[in-house]
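S.K.: Quick one: the structure is below, and I'll ask about it shortly.
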Amino acid sequence: MVAKAISSIVLLRTLRGFNKPYFTVADLEKILGMERNSLYVTLNRLVDSGVLIRLKRGVYQPEFQSLELEKVANELYYPSYLSFESALSRYGILSQTPYTLTFATTNRSKKLKLAGREVEYRQLKDEYFFGYTLEIGIYIAEPEKAVLDQLYMLSKGKVSSDTSEWSLVGLKKSKFLQYSKKFPGTVQESAKKLATGFGKYVTTIDERESFLSRYQSKPNLKTLKS
1 MVAKAISSIV LLRTLRGFNK PYFTVADLEK ILGMERNSLY VTLNRLVDSG
51 VLIRLKRGVY QPEFQSLELE KVANELYYPS YLSFESALSR YGILSQTPYT
101 LTFATTNRSK KLKLAGREVE YRQLKDEYFF GYTLEIGIYI AEPEKAVLDQ
151 LYMLSKGKVS SDTSEWSLVG LKKSKFLQYS KKFPGTVQES AKKLATGFGK
201 YVTTIDERES FLSRYQSKPN LKTLKS
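Numbering (UniProt numbering), first residue to last: 1 to 226.
If you want it as structure tokens, here you go:
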């Protein structure tokens, strides 16, 4: 197949037959049977016409697919799972949605951009790489584990976050504390303190200050119930 013969309709029809959220240049070279130089010319034309979306250099996505950046980012750097700010936001623990997609990985830490969106992979040791599940094609930390991952990064000084503003509704205290035992002592201590607020949903600054004042004045405060 030569470059001039490939049409948008034929290409999209062909790519629909593959269960892939993205295609590399090597993938398209095999699928279309084109020489590399001719392929680049064709890819540039298809990107300019909107038929393909260039996620990053050498990685493309057909326009008929919704832009599932989380899924693509998850598959591009293996092994990894969505965690930290991104997972905390998805679970409603953080009230704001972060611009950067954040993943845990056992590989080296890495940053990149996909379709203009920043993606950050943060390295965890093998013994901390657990507590995640597969949801709609994306590996994501369980809520309790996402909190612990963030506490771990806080203990290392790698991130900043006000834990008093986190909404801890619905988290399982027993699982949270059990998971925390696999982390260093500093994280375990932070987890124990944070667990006293499980079930409490902080919605306003006044409510947060009231909660903190009651917490500080009652060292033996039992776990709050919603």
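From the three backbone atoms N, C-alpha and C, an ideal C-beta is built for every residue, glycine too.
1) Label Thr24 either buried or exposed according to how many other C-beta atoms from any shown protein chain fall within 10 Å of its C-beta, with 16 as the threshold for buried.
2) Pick helix, strand or coil for Leu28, following the three-state DSSP scheme.
3) Taking Arg122 as part of the beta strand (DSSP E), name the residues at either end of that continuous run.
4) Evaluate contact between the segment 128-146 and the segment 166-185, counting only Cβ atoms and requiring at least three cross-stretch pairs below 8 Å.
5) Taking the alpha carbon of Ser49 as the point to measure from, which residue in Phe130, Arg57 and Leu11 has its own alpha carbon closest?
6) Do Val41 and Ala73 have their C-beta atoms within less than 8 Å of each other?
7) CA-CA distance, Tyr179 and Leu148?
8) Would you identify the three-state DSSP class for Val59, choosing helix, strand or coil?
9) For Glu127 and Glu29, what's the separation of their Cα atoms in angstroms?
10) From Trp166 to Thr186, what does the alpha carbon distance come to, in whole angstroms?
11) For Ala87, which residues in the same chain have their Cβ closer than 7 Å to its Cβ, ignoring the five residues on either side in sequence?
12) Who pairs with Leu82 in a beta bridge, going by DSSP?
13) Might you give, ordered along the chain, the residues of its own chain that have their beta carbon closer than 8 Å to the beta carbon of Lys192, omitting 5 neighbours on each side?
14) Roughly how many angstroms separate the alpha carbons of Thr203 and Ser95, rounded to a whole number?
15) Between Phe84 and Thr97, which are expected to be in contact by the criterion C-beta below 8 Å, what is the C-beta distance as a whole number of angstroms?
16) Please work out which residues of its chain come closer than 8 Å, Cβ to Cβ, to Ile31, disregarding the five sequence neighbours upstream and downstream, and give them in chain order.
M.R.: Looking at the coordinates:
1) Counting from one through the sequence shown, the residue named residue 24 turns up at place 24. The residue in question, Thr24, is exposed, as its Cβ has fewer than 16 Cβ neighbours within 10 Å.
2) Here residue 28 is taken as the residue at index 28 of the sequence shown, counted from 1. Looking at Leu28 - three-state DSSP - the assignment turns out to be helix.
3) Locating residue 122 in the sequence shown gives position 122, where the first residue counts as 1. Arg117 to Gln123 is the span of the beta strand (DSSP E), which, as asked, contains Arg122.
4) Cβ pair count under 8 Å is three or more, so yes.
5) In the sequence shown, the residue the question calls residue 49 occupies position 49. The shortest Cα separation from Ser49 among Phe130, Arg57 and Leu11 belongs to Leu11.
6) Within the sequence shown, residue 41 is the residue found at index 41, counting from 1. Within the sequence shown, residue 73 is the residue found at index 73, counting from 1. The criterion of a C-beta distance shorter than 8 Å is not satisfied by Val41 and Ala73.
7) Translated into the one-based positions of the sequence shown, residue 179 becomes position 179. Translated into the one-based positions of the sequence shown, residue 148 becomes position 148. Taking the straight line joining both Cα atoms gives about 8 Å.
8) Here the question's residue 59 lines up with position 59 in the sequence shown. Reduced to three states, the DSSP call for Val59 is strand.
9) As a first step, residue 127 must be located in the sequence shown, where it is residue number 127. As a first step, residue 29 must be located in the sequence shown, where it is residue number 29. Near 39 Å, if we compare the C-alpha coordinates of Glu29 and Glu127.
10) For the purposes of this step, residue 166 is taken as the residue at position 166 of the sequence shown. For the purposes of this step, residue 186 is taken as the residue at position 186 of the sequence shown. Rounded to the nearest angstrom, the two C-alpha atoms are 19 Å apart.
11) Position 87 of the sequence shown, counted from the first residue, corresponds to residue 87. Excluding sequence neighbours, Ala87 sits near Ile140, Ala141 and Ala146.
12) Counting from 1 along the sequence shown, the entry for residue 82 is found at position 82. Its beta-bridge partners are Phe103 and Ile140.
13) Taking the first residue of the sequence shown as 1, we reach residue 192 at position 192. Once the five neighbours on either side are set aside, the close Cβ partners of Lys192 are Leu177 and Ser180.
14) Position 203 of the sequence shown, counted from the start, is the residue given in the question as residue 203. Position 95 of the sequence shown, counted from the start, is the residue given in the question as residue 95. A caution first: Thr203 carries a pLDDT of 43, below 50, which makes its placement in the model unreliable, though a value can still be read off. Going by the C-alpha atoms only, they are around 9 Å apart.
15) As a first step, residue 84 is located in the sequence shown; it is residue number 84 there, counting from the start. As a first step, residue 97 is located in the sequence shown; it is residue number 97 there, counting from the start. Incorrect: roughly 13 Å between the Cβ atoms, too far for contact.
16) Residue numbering aside, residue 31 sits at position 31 when the sequence shown is read from its first letter. Once the five neighbours on either side are set aside, the close Cβ partners of Ile31 are Thr14, Leu15, Phe18 and Phe23.
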